[in-house]
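As numbered in my numbering, residues 1062 to 1927 make up the sequence shown, in order. All C-beta atoms in this analysis are idealised placements derived from N, C-alpha and C, irrespective of residue type, glycine included. Note that this is a predicted model, so its numbers are computed, not measured.
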Amino acid sequence: MKDASPQPIRLADYHPPSHLVEAVELTFRLAPRGTRVRSKIRFRANPAGLENGNLRLDGENLRLVSCALDGTPLTALDYLLTPEGLTVPAERLPGPSFTWEAEVEIDPADNTALEGLYTSGGMFCTQCEAEGFRKITFYPDRPDVMAPFTVRIESDLPILLSNGNPAASGPGWAEWHDPWPKPAYLFALVAGDLVAHSDRFTTMSGRAVTLNIWVRPGDEDKCAYAMDALKRSMRWDEEVYGREYDLDVFNIVAVDDFNMGAMENKGLNIFNSKYVLASQKTATDRDYDFIESIVAHEYFHNWTGNRITCRDWFQLCLKEGLTVFRDQQFSADTRSAPVQRIEDVLQLRARQFREDAGPLAHNVRPDAYVEINNFYTATVYEKGAELIGMLRRIVGAQEYRAALDEYFRRHDGQACTIEDWLAVFEDVTGRDLSQFKRWYTQAGTPRVSAEWQVAEGRLHLRLAQELPPTPGQPLKEPVVIPVAMGLLSPEGAELLPETTVILDGPELTRDFDLDEMARRAGIARPDHVIPSLLRGFSAPVILDAGLSRADRLVLLAHDPDPFNRWEAGRSLMRETLMEMLTGGAPDPALFDALDRLLAEDRLDAAFRALCLALPSEDDMAQAAHDAGLVPDPTAIHATRRAMQVAMARALQPRLAALYDAMDPGPAYSPDADQAAKRALRNSALTLLARIEGPARAKAHYAAATNMTDEIAGFTTLLETGDPDIARRFHDRWKDDRLVMDKWFMAQVAHAAPEQAVAIAEALTDHPLFDWTNPNRFRSVIGGLTSGNPAGFHDPTGAGYRFLADWLIRLDAKNPQTAARMSTAFETWRRYDADRQALITGALDRIAAQDGLSRDLSEMVDRIRAA
Ligand code: BES
Ligand code: ZN
């Protein structure tokens, strides 16, 4: 086990490596319980390296068989070997350039952490990001050491894959060569009895690329959508960023046991099978959506991540924030841009704002970490992506593209920093981005408030920003906030074409001439004006727009910016729910407005479905906390239910009509158009079930010809209490792992709160509950913590005990996944004293475990502190 309280690694302590690698040759003789890895690594002293010049190699859980320098075997006296690695002192090195050779033995079948080389369902595969390569062989396992790799695999398994291009193969072996210098975290190897779904792609300069999606026999008919998404991603990156693929083959492999979603290894992406395999019968529209954007994301890393990588792990947002931004752009271009934006913001608020508001708040570029795996966070990813979007908005689309061209030109083949990235933008656009950089170095969500008056024919607008303290950062400097805005008349006429004001100090004021605006809009001078601020969510801030209910109803009905239209409705819904929570009744004007919006047939059905969705229970808990209340998860759950009933009653004829009108018909397609119809239709179904009972859902379930409709019927029937539905679904799908993940999850997420923990507990005894499989673990344990907040926060503390028990158990096998799931506790300070005591008790019990991993202990310490 790892050290009990390891020292944090700090950005300020960065030093260049003492040695660089010119070339790597690896030979794997695969065996589940004793794989031999031979390495031959050509090193050269780094002129920019530290004085001492020792050769430092990372290595963990390796049995060293032999090693040599320039052909001379080393004895144990020639190096220092610790559980973390191996050091050869400078004086034992033959000179500035030398060849290191080693043979090690590893145990892939025993590797339950799923980091390094491991086995999954009879195949071998690897996961090296961030620091998994050191579990494969001794190596400078840091991203600023880049080298070309040549790999030989020896195994009886039929398919043997690694990075780059195939070089040679014969019975029982294959060789691969990757000409592009890469850091070790992008290394990958796969061996198994696999079948390919293959295709071809011709790049913009006319080079032919073979595309393969490798899956287990039987799954080959579930690859078509991922392949289509891959080809569309490749074309899009050529057209929008001028980026061409650079190898002869591009391989994707689906594996069942995977900690994350997918990994961008050079030329050999490895995917959680959940994000590759799809068929009409087994995957929902949401699953298709994820497949498309994750395939795109990992493909886009080929340039933003692989060709240009990160100097150190503090710079993670350099590749992840940018690549998330790129995959969001791709999805916006492919599907509906406003719907994509709303979904991205929903996700940002649910995950990143939540993180920023609690003990785990950290910079987009952190200053220190104990375990880097704990920093693949919503802040690095999603806030990181928002920063790129703001930059693009500030410099404009053309200059953004010019800056990216220069970034690729200047830094191809390098390991870079945020400073490098911003310098490119400064050089290309002539701007000073030193203040913008604060977005990378200050944690927390800025709050922007707006005030305005209309007087003497002028609108006087004042915007102010405030940056609340976060752990370790009591005081902050103002950031650069682009506020896209428009102005509407009380009748909904647009008075001002969209413009962007930049709030870069504590406050800013602007005056608008109403006569002039009215003249240009061709209307009489209004005596009231409604600002539509932060259009398109132009900055990741919390806005207090200061709008009355009547103003927001105007925006909901008329704002030409679809994001702010939705936002106005969202804010009215949140306010209504908060009033109901404290005894009030919903305002019928909101339901009338929704009814009219639902009737607008020229509006995207997906947009209408989003307008109909209520803020989540977790959103409401945060809203209650922000309002100075102590959230009661049980009451929040009940209030949301009451609101659904009230909405269903008020909108019943409209919902019933939509249910009929939004049937896309028998020919299935996962495209945005059909998915939008199903989304709206299924929203109508679930709302109507609140007042009609289960008959419609029963018919819906029975008639379903795709998983989107089937799961909508299933979850609705779980909630309306069909006693037999779980068994029927189980009997139909028990042999399909991915569908069974949904079965496990749905029963917990849709349980009545007071039964949720008991149901989750019972499911962990089910013969198909394999807790070492991360997807299955997340289905049940995550089904409770994220899917059923009122159940998780059961006043007895049963949910907290359940989570703590499972985290302790999982941590011994898979620390990375255990640590991620511990974030369910991050909001503990919101709750009442009894719940706080129960949660801290659970955290303390975890912390007291012997041999707790560095991953989970860091998380528990950070959540508990602050
Ligand atoms: N590079 C990551 C995968 C990764 C994350 C490996 C953490 C090791 C540790 C990959 O590009 C990624 O970001 N995957 C995301 C999905 C993506 C669409 C945001 C994931 O796996 O969740
Ligand atoms: Zn990524």
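C-beta neighbour in chain D for residue i, strict 8 Å
i, result
"I1313", "No chain D is present in this structure, which holds just one protein chain."
Close beta carbons around residue i, own chain, < 7 Å, minus the five adjacent residues each side
i, result
"G1597", "R1402, A1545, D1622, F1624"
"P1067", "V1431, R1915"
"A1129", "L1135, E1162"
"P1694", "E1678, A1682, P1850, A1851, H1854"
"Q1190", "According to the sequence provided, residue 1190 is Glu. The question's Gln does not apply to it. Cβ neighbours of E1190 beyond the five flanking positions: Y1246, M1324."
"D1074", "none"
Any non-hydrogen atom of the ligand BES within 7 Å of residue i CB
i, result
"Y1461", "no"
"I1355", "yes"
"E1359", "yes"
"G1322", "yes"
"N1625", "no"
"Y1437", "yes"
"D1168", "no"
"E1190", "yes"
"D1388", "yes"
"N1836", "no"
"N1434", "yes"
"H1362", "yes"
Own chain partners of residue i with C-beta closer than 6 Å, once the 5 adjacent residues on each side are dropped
i, result
"A1582", "A1554, L1556"
"T1211", "E1086, H1238"
"S1216", "L1091, A1252"
"E1325", "E1359, H1362, G1366"
"R1586", "L1575, D1576, A1579"
"F1863", "V1818"
"K1196", "E1121, N1122, G1177"
Any non-hydrogen atom of the ligand ZN within 7 Å of residue i CB
i, result
"T1023", "Missing from the structure shown is residue 1023; the chain here goes from 1062 to 1927 and no further."
"T1036", "Since the displayed the chain opens at 1062 and closes at 1927, residue 1036 lies outside it and no answer follows."
"E1215", "no"
"E1325", "yes"
"T1384", "yes"
"E1381", "yes"
"H1854", "no"
Buried versus exposed, by CB contacts within 10 Å (16 or more), residue i
i, result
"P1427", "buried"
"Q1735", "buried"
"H1854", "buried"
"H1811", "buried"
"K1795", "exposed"
"G1457", "exposed"
"V1706", "exposed"
"M1062", "No answer about M1062 holds up, because its pLDDT of 40 lies below 50 and its placement is not dependable."
"A1287", "buried"
"A1926", "exposed"
"S1230", "exposed"
"T1570", "exposed"
"V1691", "exposed"
"H1423", "buried"
"Q1928", "Shown here, the chain extends from 1062 to 1927; a query on residue 1928 therefore has no answer."
"D1348", "buried"
"A1688", "exposed"
Rounded distance between the beta-carbons of residue j and residue i, thought under 8 Å
i, j, result
"S1599", "R1454", "6 Å"
"L1178", "L1250", "7 Å"
"L1575", "R1519", "6 Å"
Same chain, Cβ closer than 8 Å to residue i, five either side skipped, listed in chain order
i, result
"D1064", "For D1064, the pLDDT reaches just 47, beneath the cut-off of 50, and the residue's location in the model is therefore unreliable, although a value from the coordinates is still provided. These residues qualify, in order along the chain: R1915."
"E1404", "L1671"
"L1536", "P1530"
Assess, as a yes-or-no matter, whether the stretch 1364-1377 is touched by the stretch 1238-1256 under the definition of 3 or more beta carbon pairs within less than 8 Å.
yes
With three or more beta-carbon pairs closer than 8 Å as the criterion, would you say the stretch 1668-1686 touches the stretch 1726-1734?
no
Please determine if the stretch 1813-1832 and the stretch 1288-1308 are in contact, where contact requires at least 3 C-beta pairs separated by less than 8 Å.
no
Hey, is the stretch 1197-1204 in contact with the stretch 1257-1269, meaning 3+ C-beta pairs nearer than 8 Å?
no
Answer yes if the stretch 1776-1790 comes into contact with the stretch 1721-1728, meaning at least three C-beta pairs across the two stretches below 8 Å, and no otherwise.
no
Any chance the stretch 1832-1840 sits against the stretch 1311-1326, with 3 or more Cβ pairs inside 8 Å?
yes
The stretch 1457-1471 / the stretch 1106-1115 touching (three or more Cβ pairs under 8 Å)
no
Counting Cβ pairs, one atom from each stretch, are 3 or more of them under 8 Å apart for the stretch 1758-1769 and the stretch 1375-1388?
no
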